[in-house]
Amino acid sequence: MPHPFESIRTVFRGELLANEPLSRHTSLKVGGPADILAIPEDKYDLLELLGKLEELGIPWFVIGGGYNLLVLDKGFRGTAISLRKLDRVELRDDTTLYAEAGAKNRVLADTARDCSLTGFEFLIGIPGTVGGALRMNAGAHGREIFDSVTSLELLSGGEFKKHVKNSLDYGYRHLQLNPNEIIISAEFRLVSGNREDITADMDSSMRKRHESQQVGWPNAGSYFRNPPEHAAWRLIDECGLRGFSIGGAQVSEVHANFLINRGAATALDFLKLAAIIKGQVLEKSGILLAEEVRIVGEE
Ligand SMILES: Cc1cc2nc3c(=O)[nH]c(=O)nc-3n(C[C@H](O)[C@H](O)[C@H](O)COP(=O)(O)OP(=O)(O)OC[C@H]3O[C@@H](n4cnc5c(N)ncnc54)[C@H](O)[C@@H]3O)c2cc1C
0 MPHPFESIRT VFRGELLANE PLSRHTSLKV GGPADILAIP EDKYDLLELL GKLEELGIPW
60 FVIGGGYNLL VLDKGFRGTA ISLRKLDRVE LRDDTTLYAE AGAKNRVLAD TARDCSLTGF
120 EFLIGIPGTV GGALRMNAGA HGREIFDSVT SLELLSGGEF KKHVKNSLDY GYRHLQLNPN
180 EIIISAEFRL VSGNREDITA DMDSSMRKRH ESQQVGWPNA GSYFRNPPEH AAWRLIDECG
240 LRGFSIGGAQ VSEVHANFLI NRGAATALDF LKLAAIIKGQ VLEKSGILLA EEVRIVGEE
């Protein structure tokens with residue numbers, strides 16, 4: 000049987016990598032390969048790619064910066080799609096910023112500051128892409144990215160469509176999308192501010208992170224969502240699990256909701272460690288923790 004590359008190449012202009020280890024593309028640094036990693040040149044190239052993958056019956060998923068992903072050890076039988084070339088960030092009018100999904104949060108936050116717009120100071124320290132941040136409704140210090148969204152452009156069923164904010168279903172670390180929907184871009188409304196104040200707030204946000212999150216090993220940020228009225232780290236801490244490890248996966252000594260890779264962890268180590276944490280927290284507090292990290296691939 001010919002390699003699907005040949006068929007994909009007939010319509011696709013972007014980059015294709017075969018058997019690409021996803022551990023290279025995730026902050027936890029674990030996980031097996033994707034059969035294909037595809038990097039479209041632009042959104043029309045993405046559209047062609049999806050049509051071809053559908054025709055060939057090849058499953059796919061979108062990978063952003065990989066900062067919230069646990070890829071399982073056998074990897075992903077299908078195509079991981081990176082939108083890293085869709086990375087435009089533009090000022091549309093005095094207070095409106097436009098960003099494509101593959102742009103980095105840091106670039107969006109820096110652009111807002113450079114335009115003296117306030118509202119994205121919290122975003123500076125959240126690693127990843129705008130698409131990933133929207134998908135996760137990323138947030139910190141009492142703010143989240145959806146506070147500033149006015150509309151999203153989604154690719155769905157072969158069409159690009161604009162969705163205004165109040166038509167979207169979003170909440171804490173969550174945006175509801177249909178299974179085959181992809182975030183292409185977003186528009187944000189910010190507020191005019193003072194550039195020095197914005198810079199100072201960004202610096203303070205980075206300092207706070209440095210103090211509480213300097214865990215020193217590969218991680219995916221908070222592994223579990225905060226249950227209503229509770230902090231996941233405190234529930235884990237109350238079980239005496241700080242420093243507890245399975246294989247190479249460990250509960251960070253610095254932040255109990257950060258699970259770290261001490262060098263040679265497998266995805267299975269993380270699954271086992273998470274199961275123990277969930278079991279102990281449930282027994283002690285009656286609360287069932289839910290993963291914030293997205294789990295992808297085959298065990
Ligand atoms: C040190 C550290 C600190 C962190 N601090 C925070 C924090 O303060 N607050 C916070 O909220 N998070 C935090 N995180 C987690 C992470 O940075 C965020 O969840 C971030 O938004 C993930 O973006 P990403 O581009 O890496 O997405 P990925 O991890 O690559 O993907 C996350 C999910 O989004 C989907 N996705 C990505 N792009 C698209 C798209 N274009 N269309 C549709 N779906 C898409 C993926 O399929 C996946 O399901 C932290 C992580 C680390 C490592």
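For the sequence shown, numbering that gives the first Met the number 0 gives the first residue as 0, with consecutive numbering after it.
Beta carbons are placed, not taken as given, at the ideal position from N, Cα and C, and that holds for glycine.
Asked	Found
May I have the straight-line CA-CA distance separating R283 from C238, to the nearest angstrom?	For clarity, residue 283 is Lys in the given sequence; the question names Arg instead. Spanning the two alpha carbons is a distance of roughly 7 Å.
Consult DSSP for I275 and reduce its assignment to one of helix, strand or coil.	helix
Return yes when at least one heavy atom of ligand 1 lies under 6 Å from the C-beta of L174, else no.	no
What distance in whole Å lies between the Cβ atoms of R172 and M135, which are believed to be in contact at a cut-off of 8 Å?	5 Å
For the region 126–171, which segments carrying the beta strand (DSSP E) assignment without a break, of at least 3 residues, lie completely within its bounds, in sequence order?	148–155, 158–163
Determine, using beta-carbon pairs with one atom in the region 43–58 and one in the region 72–82, whether at least three such pairs fall under 8 Å.	yes
Considering F4, what are the terminal residues of the alpha helix (DSSP H) in which it resides?	3–8
Could you say which of P178, R188, F11 lies nearest to V163 if we only look at CA atoms?	R188
Taking 6 Å as the cut-off, is the C-beta of I80 nearer than that to any heavy atom in ligand 1?	no
Let me check you understand the geometry: is the CB of A231 closer than 6 Å to at least one non-hydrogen atom of ligand 1?	no
Rounded to the nearest angstrom, how far is the Cβ of L281 from that of L154, given a contact under 8 Å?	Actually they do not touch by this definition, with Cβ atoms about 39 Å apart.
Is there contact here, the region 217–225 with the region 139–151, by at least three beta-carbon pairs under 8 Å?	no
When you compare each of D196, L176, S150, D72 to G99 by their alpha carbons, which one comes out closest?	One point to set straight first is that residue 99 is Glu, not Gly, in the sequence displayed. The candidate whose alpha carbon is nearest that of E99 is S150.
Could you work out which residue in S203, Y97, D34 is closest to E120 when comparing CA atoms only?	S203
So, at 7 Å on beta carbons, what are the nonlocal neighbours of K28 in its own chain, with the 5 sequence-adjacent residues on each side left out?	S22, P217, N260
How would you call D93, buried or exposed, if buried means at least 16 neighbouring beta carbons within 10 angstroms?	exposed
On the criterion of 16 or more Cβ atoms from any shown chain inside 10 Å, does K103 qualify as buried, or is it exposed?	buried
Compare the Cα-Cα distances from S147 to each of Q249, I286, G118 and report the closest residue.	G118
Kindly list the residues whose CB is nearer than 7 Å to the CB of G65, restricted to its own chain and excluding five residues on each side of it in sequence; keep chain order.	H24, T25, S26
Is V295 closer than 7 Å to V61 when the C-beta atoms are compared?	no
Suppose the cutoff is 7 Å on Cβ atoms and the five residues either side in sequence are ignored; what does the same chain contact list for A264 look like?	V29, G246, G247, A248
If you measure between the beta carbons of G13 and P39, is that distance less than 7 Å?	yes
Mapping DSSP to helix, strand and coil, what is G124?	helix
For a test of your reading of the model: does the CB of N67 fall under 6 Å from any non-hydrogen atom of ligand 1? Yes or no.	yes
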